[in-house]
Amino acid sequence: MENSARSGPAVLDFLSVLVLAEDSVGYESPLLGQHGISFLVDARAGGERMRILADIGQNPEALLFNMDKLGVDIGSIDAIFLTHCHYDHTGGLARIVAAIGIPGLPIFAHPGIFRPNFVETAQGRLHVGMRPEDSQSTLESLGARLALSDKPISLMRGLYSTGYVPRLSDFEGRGSALMTLDDLGNPVPDGMDDDISLVASVPDGLVAITGCSHAGISNILRRAVEVAGGKDGTAGKGSAGGVRRIAAALGGLHLIEADNATVGKTAEALRDLVDGFVAAGHCTGFDAQTALRGALGGRFQPLRTGMRFSF
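The opening position of the sequence shown corresponds to residue 3 in my numbering, with each subsequent residue numbered one higher.
See below:
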C-alpha cells in the first residue's frame, strides 16, 4: 500500500468532510460534543470511492450516537486514518473497529503510534497515548489490518497521507512537555514524529485534514504540497495548475497553550499559504481563533460538530 505520492498530480472528482466529533456543537444542535476530533472523509475519483474515519475522538459511544443522528452507516466505513497517538483521537478504537465489523479493515497510521506517550505531573505519570484496550494485538484480533508507514502514501487517486512531516519552521512544535521511553526504558522528550495528516487534491487545490498539528500547520501545508505533486514543497497564491494551491485547512492547530508571538506567526503563515479557507477548532484555542479571524477575515471559521464541507 506504500505507493509513492510523487508520480504526478491526480484530482478527486468529489470530496466531502463531515465533522463527527469536536469540542463544540452548534446552537440547539442534537449532537454530542467531546474533547477530541473525528471526521468522515468521503472521497471519489472515477469509479473509486473511499469513506474514511479520520480520527475517532475519545468517546466511541458519543461518536456512534452522532453518526446515527447524521445518517452515517457505520458499516459503510472503508478505512480508519489516525493522525497521532493521543487518547482524544484514538480512544475506543477497538470498539469502533468491532462496530464497523469488516474483516481486514485498514487502519492507516505512523509506525510509532503505539509507543508510550505521557506527561510527568506532581501526581505521577499521566499517560495520554493509545489506551491499553486499543492495543495492536487487540485490533489485529478483531481483524483489522494495520497499514503503518512514516512515508507518504497514496490511499487512492487524489488522496494521500503526508507521512512524517519535516520540522522546517522556527516557531512551531517547540516546548512540548510530552515524553516517551527510549530503548532502555528511560523517559525522554517526545517530538511527536507520528503526527501525520490527510491531503486531498480537488479542482481548487489541496485540502489538508489535520488532527492536532503537532508538527506545525505551516510545516504540514508545505508537506501537503510536496506529497501531492509540488516540486519544492512551497505553496503560494496563483500557483500554476492548482495542485500547489491550498484550498482549505481543516482540523486542530494545537495553539491553545502557545504564546502570542507563535500565534501571530501562525496566523501570518496561514494568510500567506492558504488561498481558500481555514476551519480550526479542538486544540486551537480561543485566542488563536480570534487571531486567525483577524488575519483571514471571513476565510476563517471555527469548527463545530456537524459541519460539512464539500469540494
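Ideal placement from N, C-alpha and C gives every residue a C-beta, glycine not left out.
Contacts around residue i, its chain only, beta-carbon distance under 6 Å, and the 5 residues preceding and following it disregarded
i: alanine 281; result: Leu252, Gln303 and Leu305
i: phenylalanine 116; result: Met132 and Gln138
i: alanine 146; result: Val99, Leu107 and Ile109
i: leucine 72; result: none
i: methionine 309; result: Val21
i: alanine 250; result: Val209, Gly278 and Phe279
i: histidine 316; result: The displayed coordinates of the chain run from 3 to 313. Any statement about residue 316 would go beyond what the structure contains.
Contact check, residue i vs residue j, beta carbons under 8 Å
i: valine 265; j: alanine 293; result: yes
i: valine 229; j: phenylalanine 313; result: no
i: isoleucine 39; j: glycine 254; result: yes
i: threonine 85; j: aspartate 197; result: yes
i: leucine 183; j: proline 191; result: no
i: glycine 94; j: asparagine 61; result: yes
i: serine 78; j: threonine 307; result: no
i: alanine 56; j: leucine 34; result: no
i: proline 168; j: arginine 225; result: yes
i: glycine 278; j: glycine 218; result: no
i: isoleucine 76; j: alanine 101; result: yes
i: aspartate 70; j: isoleucine 54; result: no
i: serine 220; j: alanine 271; result: yes
Spatial distance of residue i from residue j (CA atoms)
i: phenylalanine 311; j: valine 19; result: 5 Å
i: glutamine 36; j: alanine 23; result: 7 Å
i: valine 1; j: alanine 210; result: Within the shown structure, residues of the chain are numbered from 3 to 313, placing residue 1 beyond reach of any answer.
i: cysteine 87; j: arginine 295; result: 29 Å
i: arginine 127; j: glycine 299; result: 41 Å
i: glutamate 135; j: leucine 141; result: 9 Å
i: methionine 194; j: asparagine 68; result: 29 Å
i: glycine 175; j: valine 121; result: 16 Å
i: tyrosine 29; j: aspartate 185; result: 49 Å
i: leucine 223; j: isoleucine 248; result: 8 Å
i: histidine 216; j: isoleucine 104; result: 31 Å
i: leucine 17; j: lysine 153; result: 23 Å
i: aspartate 90; j: glycine 213; result: 10 Å
i: isoleucine 82; j: aspartate 274; result: 31 Å
i: leucine 144; j: serine 199; result: 25 Å
i: isoleucine 155; j: alanine 149; result: 10 Å
i: valine 130; j: threonine 92; result: 10 Å
i: histidine 1; j: glycine 114; result: Because the chain spans 3 through 313 in this model, residue 1 falls outside it and cannot be assessed.
i: arginine 301; j: threonine 123; result: 39 Å
Rounded Cβ spacing between residue i and residue j (contact assumed at less than 8 Å)
i: alanine 47; j: aspartate 15; result: 5 Å
i: serine 171; j: phenylalanine 110; result: No, serine 171 and phenylalanine 110 are not in contact; Cβ-Cβ is about 25 Å, not under 8 Å.
i: glycine 165; j: serine 151; result: 6 Å
i: glutamate 50; j: methionine 181; result: So it is not a contact: roughly 41 Å between Cβ atoms.
i: leucine 42; j: valine 13; result: The pair is not a contact, with the Cβ atoms about 21 Å apart (cut-off 8 Å).
Sequence-distant residues of the same chain with beta carbon closer than 8 Å to residue i, five excluded per side
i: alanine 269; result: Ala290, Ala293, Leu294, Gly296, Ala297 and Leu298
Beta-carbon contacts of residue i that lie in its chain and below 7 Å, excluding the five residues immediately before and after
i: lysine 267; result: Phe173
Closer than 7 Å: residue i CB and nearest the ligand SAM heavy atom
i: histidine 88; result: No copy of the ligand SAM appears in this structure; indeed no ligand is present at all.
*Within the stretch 43-84, note down every full alpha helix (DSSP H) run reaching 4 residues or more, in order along the chain.*
The stretch 43-84 contains these whole alpha helix (DSSP H) runs: 62-71.
*Give, in chain order, every unbroken run of the beta strand (DSSP E) that is at least 3 residues long and sits entirely within the stretch 115-198.*
DSSP runs (the beta strand (DSSP E)) wholly in the stretch 115-198: 120-123, 126-129, 147-150, 155-158, 161-163, 181-183 and 189-191.
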